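Before any comments, here is the structure.
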Amino acid sequence: MPRDRRDAPGWTYGLPKEFAYVVFGHVRVSPVLPPDTLLCVRDAAQSGAAGRTPVVGMAGGGQLARMTQQAAIALGVSLRVLAGSADDSAARVTPGTAVGDDRSEADLLDFAAGCDVLTFDHEHVPGPHIAAVEASGVPCRPGADALRHAQDKMVMRERLSALGAPCPAFAAIPDGAALERFAGEHGLPLVLKATRGGYDGKGVWVIKDLDDPVVTELLARDVPLMAEEMVAFRREIAALVARSPYGQGAAYPVVETVQEGGICVEVIAPAPGLSAERAEQAQRLALEIADKLGVTGLLAVELFETEDGLLVNELAMRPHNSGHWTIEGARTSQFEQHLRAVLDLPLGSTEPSARWTVMANVLGGDDPDLYSRYFHVMAHDPGVKVHFYGKHVRPGRKIGHVTVLGDDLADLRERARHAADFLRWGPAFADHTDQADRAEENSQ
Numbered sequence: 001m002p003r004d005r006r007d008a009p010g011w012t013y014g015l016p017k018e019f020a021y022v023v024f025g026h027v028r029v030s031p032v033l034p035p036d037t038l039l040c041v042r043d044a045a046q047s048g049a050a051g052r053t054p055v056v057g058m059a060g061g062g063q064l065a066r067m068t069q070q071a072a073i074a075l076g077v078s079l080r081v082l083a084g085s086a087d088d089s090a091a092r093v094t095p096g097t098a099v100g101d102d103r104s105e106a107d108l109l110d111f112a113a114g115c116d117v118l119t120f121d122h123e124h125v126p127g128p129h130i131a132a133v134e135a136s137g138v139p140c141r142p143g144a145d146a147l148r149h150a151q152d153k154m155v156m157r158e159r160l161s162a163l164g165a166p167c168p169a170f171a172a173i174p175d176g177a178a179l180e181r182f183a184g185e186h187g188l189p190l191v192l193k194a195t196r197g198g199y200d201g202k203g204v205w206v207i208k209d210l211d212d213p214v215v216t217e218l219l220a221r222d223v224p225l226m227a228e229e230m231v232a233f234r235r236e237i238a239a240l241v242a243r244s245p246y247g248q249g250a251a252y253p254v255v256e257t258v259q260e261g262g263i264c265v266e267v268i269a270p271a272p273g274l275s276a277e278r279a280e281q282a283q284r285l286a287l288e289i290a291d292k293l294g295v296t297g298l299l300a301v302e303l304f305e306t307e308d309g310l311l312v313n314e315l316a317m318r319p320h321n322s323g324h325w326t327i328e329g330a331r332t333s334q335f336e337q338h339l340r341a342v343l344d345l346p347l348g349s350t351e352p353s354a355r356w357t358v359m360a361n362v363l364g365g366d367d368p369d370l371y372s373r374y375f376h377v378m379a380h381d382p383g384v385k386v387h388f389y390g391k392h393v394r395p396g397r398k399i400g401h402v403t404v405l406g407d408d409l410a411d412l413r414e415r416a417r418h419a420a421d422f423l424r425w426g427p428a429f430a431d432h433t434d435q436a437d438r439a440e441e442n443s444q
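Count the sequence shown with full-length UniProt numbering and you get residues 1 to 444, in order.
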């Protein structure tokens, strides 16, 4: 590796005895080490039989697996998918998809037997089943020990706090008395979370009154719960990093995520107005968490930016919605990077392709006919890149996303919003947009 390239933006390398990283933007490794100290990343093809590329298995057949398949084709890597149905998003585009239940140990073991490495497009595969696959000799990336921190919010909070990572105040809530104690210490409102299984705002409740019927119902059902203090944050940001089995790492520019009703509707890369110091803090924090938890593959760290600094909100150990912008907006997409990481290939450059990239999620509307609206968006703005996931349309469901790149952030946000809203609502999108704007104004 030429020494004069080690400080180039997006250049990636590893160190032999400590977690090393180099990213586009703010984080740098210094001093520059002599060539003989650099890690020699092993040939990932050693995992497979001689004369063929390795086979990556992905448990889960959703849109993340679908977009990983597109990256695998470009890399010449064989990707197999374990989908719940032949009609799943990834199953529609992946030849030889295995149909089965990734929550069944038998199905998972049978599927993994035909793979050189197993990875995941969601966090819901039971940890003991992953451990069984690892015991069978097939490496899982991330492994069961790492993934449990993304599966159980209480486990995650306890471990991150022990590591000294900045987190909101929290406590397990086994009963009403525990909730009363937490409210007495941290006040109301507070945030109540199911410790397992929540996503896109599901499994999260803002509690303003301890007599809220939601609390009574959840405790009666013995739902494992935790409480967190209500954080007064300026905005939400996300740091996306990748880590290989032997510690090579890379981080993408920190992004801003815009949420509506608990669902991410927009991602701006890089996060506008974020200081270099705070961006570096977020990148280093994500890379250090990946190292301490032993993550292999991608790690997305969702963060609250407050007046005083950063607080960790959630973790995801897979390709993430906050990284979809990288397909067009970075030299290496998150999906390619995840494959590189789990195969222990050298990681790719995270350098952005444009000054600004804006990604807007497309949510399902009332009319399932997307084609005519797609035609309009293509004709109206040829610079908008549209991705559909091949999912059945349901109101409010994520069915795709749009991406635009350029130099004028305000213009890019308007174009992305127009495209996403038109794909959801059709010609009536302006009426829905006006209603949403009025509702936001009334809530302020």
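Here a beta-carbon is modelled for each residue, glycine too, at the ideal position from N, C-alpha and C.
Bear in mind the structure is a predicted one, so any value in this text is a computation, not a measurement.
Arginine 243 is classed as buried because its beta carbon has at least 16 other beta carbons within 10 Å across all chains shown. Relative to asparagine 313, the option among Ser161, Val133, Arg92 and Ala98 whose CA is nearest is Ser161. Between valine 77 and alanine 91 the beta-carbon gap is near 18 Å, outside 8 Å, which marks them as no contact.
In terms of Cα proximity to valine 191, the closest of Trp356, Val214 and Glu229 is Glu229. For glycine 164, the closest of Val384, Pro395, Glu288 and Arg413 by C-alpha to C-alpha distance is Glu288. Residue pairing for methionine 58: DSSP places it in a beta bridge opposite Val81 and Thr119. Note that the segment 148–160 does not touch the segment 347–362; fewer than 3 beta-carbon pairs, one per stretch, sit closer than 8 Å. Spatial neighbours of valine 155 in its own chain (CB-CB distance under 7 Å, excluding positions within 5 residues in sequence) are listed in chain order as Arg148 and His149. Under the DSSP assignment, histidine 324 falls outside any alpha helix (DSSP H); it carries neither an H nor an E label. The three-state reading of DSSP puts lysine 292 in helix, counting H, G and I together.
In this model, aspartate 107 and alanine 98 are separated by some 9 Å (Cα to Cα).
When secondary structure is reduced to three states using DSSP, arginine 235 falls in the strand class. A direct Cα-to-Cα measurement between glycine 137 and leucine 345 gives close to 20 Å.
Note: phenylalanine 182 is not bridge-paired with any residue in the DSSP secondary-structure output.
Between valine 241 and glycine 247, the gap from beta carbon to beta carbon reaches 8 Å or more. In this model, glycine 143 and valine 133 are separated by some 10 Å (Cα to Cα). Taking C-beta separations shorter than 6 Å and ignoring five residues to either side along the sequence, glutamate 277 has no partners in its chain.
Going by C-alpha positions, histidine 392 is about 9 Å away from serine 89. By the Cβ neighbour-count rule, glycine 262 is exposed, with fewer than 16 other Cβ atoms within 10 Å of its own.
Taking C-beta atoms as the reference points, leucine 363 and glycine 396 count as a pair closer than 8 Å.
Annotation for methionine 359: the continuous beta strand (DSSP E) segment containing it runs 356–363. Where valine 133 is concerned, the enclosing alpha helix (DSSP H) starts and stops at 127–135.
When DSSP assignments are scanned along the segment 210–235, the uninterrupted stretches of beta strand (DSSP E) that are 3 or more residues long and fall wholly within it turn out to be 225–229. Alanine 194: member of the beta strand (DSSP E) spanning 190–194, first to last residue.
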